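Residue numbers (the numbering used here), protein chains in the order written: chain A, 1 to 311; chain B, 1 to 321; chain C, 1 to 369; chain D, 1 to 534. Written below as structure tokens is the structure these notes are about.
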Amino acid sequence: DPALIYDLGGKFDKSFNEAAFNGAERWAEETGGSYRDIELQSEAQREQALRRFAEAGFNPIITTGFSMSTPIDNVAGDYPDTKFVTIDGYVDPEEHPNVKSILFAEEQGSYLVGMLAAMASETNTVSFVGGMDIPLIRAFACGYAQGAKAVSDDIEVIANMTGTTPAAWNDPVKGSELTNAQISQGSDVVFAAAGGTGIGVLQTAADKDILSIGVDSNQNYLHPGQVLTSMLKRVDVATYDAMQAGADLETGVETLALEDNGVGYALDDNNRELITEEMQAAVDEARQKIIDGEIEVHDYRSDDSCPALSF
Amino acid sequence: MDYNTLLQVLDSTVRLATPLLLACLAGLFSERSGVIDIGLEGKMLIAAFFSAAIAAMTGSVWLGLGAGIVSAVLLSLVHGLASITFRGNQLISGVAINFLAAGLTVLIAQDWFGQGGRTPSLIGGGRWGNITLPFADTLSGVPVIGPLYAQLISGHSLLVYVGFLMVPLTWWVLFRTRFGLRLRAVGESPEAVDTAGVSVVGLRYAAVAICGLLCGIAGSYLATGLQAGFVKDMTAGRGYIALAALIFAKWRPWHALGACLLFGLLQAVALRYQNIDLGGITIPVQVMDALPYILTVVILAGFVGKAIPPRAGGEPYVKER
Amino acid sequence: MDRMPAWADAVLVPLISLLLAALLSALVILGIGENPIEALKLMVEGALLRSAGWGYTLYYATNFIFTGLAVSVAFHAKLFNIGGEGQAMIGGLGVALVCLYLPWPHWSLALVAASVAAALFGAVWAFIPAYLQAKRGSHIVITTIMFNFIAAALLNYLLVNVMKPEGQQDPATAIFPAATHLPTFQDMFATEAMPLFRGSPGNVTFFLAIAACLVVWALIWRTRLGYEIRALGHSESAARYAGISPVRTIVIAMLISGALAGLMGVNTAMGEAERLVMNATEGAGFIGIAVALMGRNHPIGVFLAAILFGFLYQGGAELALWTNIPRELIVVIQALVILFTGALDNMVRMPLERVFAARRRAARKTPAE
Amino acid sequence: MTDTAPAIELKGISKSFGPVQANKDISIRVMPGTIHGIIGENGAGKSTLMSILYGFYSADAGEIWVKGEKTVIPDSQAAIRAGIGMVFQHFKLVQNFTVLENVILGAEDGGLLKPSLSKARGVLKQLAEEYELSVDPDTQVQHLSVGHQQRVEILKALYRQADILILDEPTGVLTPAEADHLFRILDNLRAEGKTIILITHKLREIMEITDTVSVMRRGEMTATVKTAETSPEELAELMVGRKVLLRVDKAPAKPKEALLEIENLRHLDGQGVEKLRNISLEVRAGEIVGLAGVAGNGQSELLNVLGGYADATGTVRVNGREIPLSGRGCDGMARRAAGIGHVPEDRQREGLIMPYSAWENTVFGYHHGPETGSGLLMDNAAIRKEAAAKMERFDVRPPDPSLAAKNFSGGNQQKIVLAREIERNPDVLLIGQPTRGVDIGAIEFIHEQIVRLRDMGKAILLVSVELDEIFALSDRIAVMFDGRIMGVRDAGETDQRELGLLMAGITEDPGGDAYEAVDAAMDQKDHREAARHG
Ligand SMILES: Nc1ncnc2c1ncn2[C@@H]1O[C@H](COP(=O)(O)OP(=O)(O)OP(=O)(O)O)[C@@H](O)[C@H]1O
Ligand SMILES: Nc1ncnc2c1ncn2[C@@H]1O[C@H](COP(=O)(O)OP(=O)(O)OP(=O)(O)O)[C@@H](O)[C@H]1O
Ligand SMILES: [Mg+2]
Ligand SMILES: [Mg+2]
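Pasting the structure below:
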């Protein structure tokens with residue numbers, strides 16, 4: 001059986017971890033298989049969970065969050081017959097041939113929702129609330145800003161991070177206050193890439209009658225008609241695929257981008273009214289151009305800098 | 001900083017100060033009666049959970065408030081049992097209550113809602129709406145005063161006004177009523193109260209229950225006013241800050257208002273200005289995060305001077321000679 | 001009043017309190033629709049019936065011994081040190097600096113240096129609250145809590161902005177050089193035939209903790225300093241009369257307390273993670289309070305209570321692994337243990353005293369007649 | 001007698017605290033309109049009995065009859081309802097409340113304070129005139145002298161319309177003038193028909209004011225006699241069970257060189273108030289200098305400064321060598337090294353660590369000395385052995401070094417402190433309130449020890465609020481008032497009246513009623529104190 005280990009934000013963060021959970025559930029439903037999962041609560045538990053699952057014969061062991069890459073690095077060698085998956089993390093494939101690292105081109109998806117935000121904005125000001133201030137989240141912000149600037153050259157993009165510790169993934173109160181501050185600076189579309197903190201962001205945006213953009217999972221349903229769209233990061237698909245492959249999982253490093261449908265934006269009944277046909281056309285055109293390489297979206301992580309936004 | 005920004009920061013200050021203020025007044029009642037309470041945090045937390053949970057299940061924010069208050073009062077009574085009836089260590093009882101609330105809230109939330117220790121998001125009648133005071137719209141055009149009234153004074157949830165009204169009420173109860181006289185006396189000299197033929201235990205339980213009531217309101221405000229639901233550990237140290245404010249205020253209601261507004265302001269500023277640029281030197285966000293705590297220490301050490309706590313605080317009352 | 005025998009006070013009261021806490025915990029487990037017996041079995045199997053389980057239990061216990069001793073030394077001077085958390089964090093920082101920036105030929109030397117640094121850093125972090133309490137009367141409970149928050153912010157800043165290697169996502173230092181890696185129980189006791197303690201983090205720091213118990217015992221009950229610390233704790237006015245400086249004694253007691261809490265950093269940073277991570281202490285500073293109380297502020301008691309809490313931690317992790325019981329159950333159990341052994345102990349003691357008094361009266365009567 | 005019912009009648013009251021039987025089958029009748037004295041050794045059970053009467057403790061057996069009716073008194077409220085008021089040995093006042101607030105506490109009319117306060121103001125004024133019980137109703141209690149605080153306690157009882165008043169060791173902390181005033185108040189109350197029960201260790205007071213006196217011993221009521229038909233000697237014997245010497249037997253002093261020289265000593269307290277103003281005094285080898293004064297006039301501060309735990313300026317020489325008065329080298333341990341022994345005024349708060357065993361307490365303050373062992377660790381076995389010997393020499397009962405200090409009675413605790421300080425043969429012994437609250441049997445022993453040390457050629461500075469004790473022990477007497485030494489007299493050449501006036505800061509004898517002058521002086525002092533705190 002496969003096993004799934006969620007990062008500290010918890011299984012029901014309505015975004016990142018929950019996407020993995022949804023993927024696993026879908027797999028279980030479709031195949032009738034069963035899996036075991038655990039929400040981590042402490043640092044020393046990371047290795048422990050990996051080892052205990054490996055010893056108990058679970059395979060593959062899928063983990064979410066970059067914090068798991070170091071523990072996997074420590075453990076993988078002891079269990080050569082077990083496959084480990086680190087979503088969002090990176091483990092050297094040379095050193096540990098039984099590990100699969102799955103990364104996403106978040107900047108590309110963010111670029112698209114950035115465009116949508118800019119097109120929806122009436123104040124020509126959009127904003128971003130990040131969770132923990134790490135390169136990954138900066139990559140979100142950077143892609144978002146690039147997308148927005150592609151639509152409107154002089155648009156103002158306000159970006160704030162919730163904090164610098166893992167607690168920043170789960171602080172809706174602060175997310176809400178940050179959103180308030182951004183609204184007062186003129187923002188009328190806010191993109192939350194902040195895990196559980198985003199719930200506060202989306203809530204405040206809905207309360208204050210501005211648009212918001214969800215992240216990772218499709219969060220459009222949280223406030224129908226008030227969430228412009230969600231930047232999808234198909235952690236669910238990645239999880240599903242890994243479980244589907246089972247013990248025969250191909251290892252190595254994989255980056256899921258627009259062309260793999262690994263990232264994208266969400267369109268459903270909840271936001272149909274908000275996205276006009278022109279908007280959709282513009283975004284779909286950009287999507288194709290990115291896939292074709294005509295538009296290059298800068299990845300913050302490639303050189304720790306962003307042309308469209310300063311942090 | 002322009003006037004509008006100032007108003008927004010102050011507006012945020014009021015929102016953030018309200019739970020502190022309610023908790024601080026809660027602590028004030030308890031400590032004035034001689035029962036030290038570092039379990040404010042836990043009581044707020046449990047109230048936040050139950051108010052959100054019941055509000056989510058019934059769709060009524062009032063029922064939520066009731067549930068929050070009941071749960072906080074129950075925890076208060078546990079504290080009372082430990083520190084009044086069984087003369088246990090009040091600090092330890094407080095620590096235990098904080099742990100208990102942190103664990104129970106998530107445990108029950110998971111059991112009831114299965115959303116990882118969170119309640120469902122509250123909608124409609126499950127949350128406190130913001131009250132627009134009369135003439136707010138009409139007056140908002142008036143320069144200076146208008147925006148002040150419309151933005152800062154008007155437009156908060158009912159519990160904010162309750163919190164602020166609690167200040168004069170607390171003062172009046174404490175210094176103008178028989179109950180207040182006895183309450184202050186029992187925190188200073190329980191033996192005087194006892195020999196005067198008044199029940200020390202009864203008074204202290206009453207104080208502790210009031211403390212629970214106010215913590216209950218504070219927690220409800222957090223989860224159903226400020227936020228739209230409960231998330232784990234959502235009090236995030238506010239109980240401790242309230243305690244510091246209480247010492248800073250020297251256990252006096254009006255001073256408590258000032259102290260809580262100050263701490264609220266610090267938090268609002270830290271939220272709003274994450275990286276302050278002072279002529280080339282950027283103050284890191286961590287400094288802003290730590291600022292309320294650093295300032296608490298500085299204030300305690302530098303300005304409070306001799307904050308004389310209620311004399312019998314922390315001491316269980318044992319009849320002797 | 002009726003005194004009951006010392007053994008009853010030291011053993012019977014905590015034991016009954018513990019039972020009450022366990023009973024209530026069982027009710028809580030029932031309340032969330034799980035089976036308490038099964039849960040207990042899982043916990044015992046996972047924590048005590050496997051050597052790796054012991055490795056985890058003792059790893060956690062090591063943390064709690066240090067923080068428990070820290071709290072109890074301060075308690076003897078009647079100081080309530082809630083700052084173990086922050087002191088341990090900063091202690092970990094000391095360990096990281098020593099391990100990362102100094103070259104070490106052998107782990108034993110690194111351990112000595114890291115222990116000194118951890119103790120020193122922890123002591124420094126306890127110094128300011130101690131000084132403010134001694135000189136300005138600033139309530140140490142409040143200041144140490146504040147210093148926990150400040151320590152977190154400081155560590156956060158250092159990890160995020162200074163010590164984190166380029167390109168790394170999580171706020172942590174680089175892995176310490178291999179020469180500083182401490183031998184784990186696995187390294188020490190496992191053989192080809194008997195792969196004991198496999199993969200568990202229990203390490204040589206555990207023995208350091210035992211040594212700390214002995215040193216603290218001698219310090220408190222055999223040295224003049226311990227005599228003074230206890231005297232101050234019982235009566236400040238008497239201490240001043242005797243020429244014991246309250247300021248000096250408060251500061252020294254807190255320095256020792258902070259140093260002990262800081263030593264916990266050796267276990268987490270050097271023994272387990274082999275790097276410094278943001279949230280390594282994970283509430284051990286607070287657990288230390290419960291451990292000290294349950295252990296009646298005596299090193300032997302602290303040791304036993306630390307093992308108990310280590311068991312709870314490890315057992316709780318096992319529960320989370322194999323059942324759907326959230327790990328917060330363990331927080332609730334801890335809370336109940338603290339409540340019953342620390343704050344509601346008189347609930348057990350008062351009736352017990354009555355029982356002993358009745359027995360004594362009966363015993364007195366018989367020979368007289 | 002037969003037609004008036006007793007104000008109080010207790011029948012067969014028993015009470016035990018675990019193994020200690022504090023009261024055994026006690027019966028007593030107190031007639032209305034009388035003052036009834038109760039005496040007995042420490043721990044005889046006097047306070048316990050009165051606490052039962054006031055509903056503080058409940059008796060294991062027995063009945064209480066008030067004014068001819070059987071009354072159940074489960075709590076203080078019931079006692080108050082039955083017309084009983086009590087003034088405890090340690091006052092039960094809220095220090096930072098005003099007199100008025102203290103008086104109405106628990107006896108308010110209605111939920112709001114205002115009406116109660118104005119009513120109480122009127123009643124207090126009336127009571128003040130009726131019974132010479134004047135205190136400023138708006139002063140905070142903490143700014144009142146002990147004597148005035150006691151008046152507040154009496155006012156509290158009268159405000160609740162008590163006609164039976166219990167006073168537990170009321171004069172223990174009063175000056176002679178204050179005690180005189182108290183007795184006049186009690187006289188007035190008796191004249192109004194009130195009944196008073198008075199507990200005291202002082203036989204003089206018993207003889208002076210009571211109508212009847214009961215003696216308690218080891219929890220039992222051993223005798224009740226009419227005061228007019230007994231004598232102090234008889235009472236002492238009834239109390240202790242043997243003949244007691246009520247005077248101190250000592251030879252005239254043969255003072256030699258000055259061992260303790262104090263010049264221009266000044267000391268400021270934490271608030272910057274000058275508590276010692278230019279004190280100069282010397283104590284010679286082989287003499288006892290008594291320091292008399294109303295509590296709070298600087299005697300305690302002087303002992304603290306000399307004992308090394310309060311800073312001061314000026315010069316102090318011990319055995320000719322100057323000792324530092326602040327900074328390093330100014331602490332209790334340094335003082336002991338310099339040859340100053342110190343029996344503190346409050347044995348429980350200062351002299352002993354109550355939870356420590358007796359043997360641990362016998363090195364308290366000397367724990368860095370050679371007798372505690374030479375190595376890094378303390379030599380507990382040796383200390384314990386030495387302690388056992390000391391306790392035997394000082395007749396500490398029980399002679400068990402392992403027993404915690406808190407488990408010894410007051411008198412025996414005092415003996416432990418004395419043993420520790422005297423056995424080291426200090427050149428100078430500072431001794432504060434050596435016999436406060438101690439029964440006459442133990443007083444006899446303690447006084448003997450002090451005189452013995454004097455006769456060994458040591459200098460002794462004695463502070464006591466008991467003028468009797470000062471007279472009995474001292475060779476010279478210095479009187480302190482408001483931080484100054486008002487005068488030094490030879491013990492043989494002065495009297496109570498002169499000292500009483502000096503203690504109130506009056507150096508010229510005004511003639512006539514000295515007590516009134518003293519009282520006026522005390523009132524003024526209270527006002528100054530209150531004014532200083534705003
Ligand atoms: N609260 C208590 N708990 C246990 N024992 C007590 C308590 N109070 C008094 N006792 C015991 O009761 C006995 C009588 O004490 P009590 O205080 O009545 O004596 P007393 O005659 O007032 O003494 P003193 O003259 O010192 O005031 C004491 O020996 C003491 O052992
Ligand atoms: N609360 C208590 N618990 C146990 N024993 C007590 C308690 N209070 C008093 N005692 C016992 O009572 C005895 C006498 O104590 P008590 O304090 O009444 O002495 P005392 O002579 O009245 O002291 P003092 O002179 O200070 O008033 C001691 O042996 C002590 O062990
Ligand atoms: Mg008594
Ligand atoms: Mg007594």
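Every residue gets a Cβ at the ideal spot worked out from N, C-alpha and C, and that includes glycine. If you're wondering where the values come from, they're calculated on a predicted model, not measured in any experiment.
Beta-bridge pairing of residue 4 of chain A - partner residues as DSSP gives them:
A:37 and A:62
At a cut-off of 6 Å, would you count residue 76 of chain D as near ligand 1, judging by its Cβ distance to the nearest heavy atom?
no
Quick one: measure Cβ to Cβ for residue 43 of chain D and residue 13 of chain D, integer angstroms, because I've assumed they're closer than 8 Å.
The Cβ separation is near 17 Å, so there is no contact.
Touch test, the segment 116–134 of chain A against the segment 78–92 of chain A, Cβ-Cβ under 8 Å, three pairs minimum
no
May I have the straight-line CA-CA distance separating residue 156 of chain A from residue 146 of chain A, to the nearest angstrom?
11 Å
Identify the continuous alpha helix (DSSP H) that holds residue 220 of chain C and give its terminal residues.
205–222
Taking the alpha helix (DSSP H) that residue 193 of chain B belongs to, which residues open and close that run?
190–195
For residue 195 of chain B, count neighbouring C-beta atoms within 10 Å of its own C-beta (all shown protein chains included) and say buried if the count is 16 or more, exposed if not.
buried
In whole angstroms, what separates the C-alpha of residue 192 of chain C from that of residue 110 of chain C?
28 Å
I'd like the list of long-range same chain contacts for residue 277 of chain C, defined as Cβ closer than 6 Å, with 5 residues on each side in sequence excluded.
If we look at residue 277 of chain C and ignore the five residues flanking it on each side, its Cβ neighbours are 172.
I'd like to know if residue 85 of chain C contacts chain A, where contact means its C-beta is closer than 7 Å to some C-beta of that chain.
no
Take every Cβ of the segment 126–136 of chain C, pair it with every Cβ of the segment 239–253 of chain C, and state whether three or more of those distances are shorter than 8 Å.
yes
Beta carbon of residue 229 of chain B, beta carbon of residue 122 of chain B: below 7 Å?
yes
Selection of the segment 106–118 of chain B by Cβ proximity to chain C, strictly under 8 Å:
106, 107, 108, 110, 111 and 117
Comparing the CB of residue 17 of chain D with every heavy atom of ligand 1, is any distance shorter than 6 Å?
yes
Can you tell me where the alpha helix (DSSP H) holding residue 54 of chain C begins and where it ends?
51–76
Assuming residue 95 of chain C and residue 269 of chain C make a contact with CB atoms under 8 Å, what is their CB distance in whole Å?
4 Å
Using a beta-carbon distance cut-off of less than 7 Å, what residues from the segment 271–285 of chain C approach chain A?
272, 273, 277, 278, 279, 280 and 282
Just to confirm the assignment, what range does the alpha helix (DSSP H) spanning residue 185 of chain C have?
185–189
Please work out which residues of its chain come closer than 8 Å, Cβ to Cβ, to residue 1 of chain C, disregarding the five sequence neighbours upstream and downstream, and give them in chain order.
For residue 1 of chain C, the predicted model reports a pLDDT of 44, less than 50, meaning its position is unreliable; a value from the coordinates is still stated below. Around residue 1 of chain C: 353.
Residues bridged to residue 263 of chain A by DSSP?
DSSP, once it has assigned bridges, lists A:233 as partnering residue 263 of chain A.
Is it a yes or a no for the segment 18–29 of chain B touching the segment 39–50 of chain B, going by three-plus beta-carbon pairs under 8 Å?
yes
Suppose you measure from the CA of residue 119 of chain C to the CA of residue 125 of chain C; what does that come to, to the nearest Å?
10 Å
Residue 231 of chain C at chain D interface by Cβ criterion, 7 Å
Residue contact with chain D for residue 231 of chain C: present (Cβ-Cβ distance below 7 Å to some residue of chain D).
Closer than 7 Å between beta carbons: that is the criterion. Which residues of the segment 238–261 of chain C meet it against chain D?
238, 240, 241, 242, 243 and 245
In whole angstroms, what is the alpha-carbon distance linking residue 202 of chain C and residue 45 of chain D?
60 Å
Give me, in chain order, the residues of the same chain whose beta-carbon lies closer than 7 Å to that of residue 151 of chain C; leave out the 5 immediate sequence neighbours on both sides.
Cβ contact annotation for residue 151 of chain C (same chain, cutoff 7 Å, sequence separation greater than five): 86, 89, 90 and 125, in chain order.
Just to confirm the assignment, what range does the alpha helix (DSSP H) spanning residue 483 of chain D have?
From DSSP, residue 483 of chain D is part of no alpha helix (DSSP H); its letter is neither H nor E.
Assigned exposure category for residue 8 of chain B - 16 Cβ within 10 Å defines buried:
buried
If I'm right that residue 186 of chain D touches residue 209 of chain D with Cβ under 8 Å, what's the distance once you round it to whole angstroms?
6 Å
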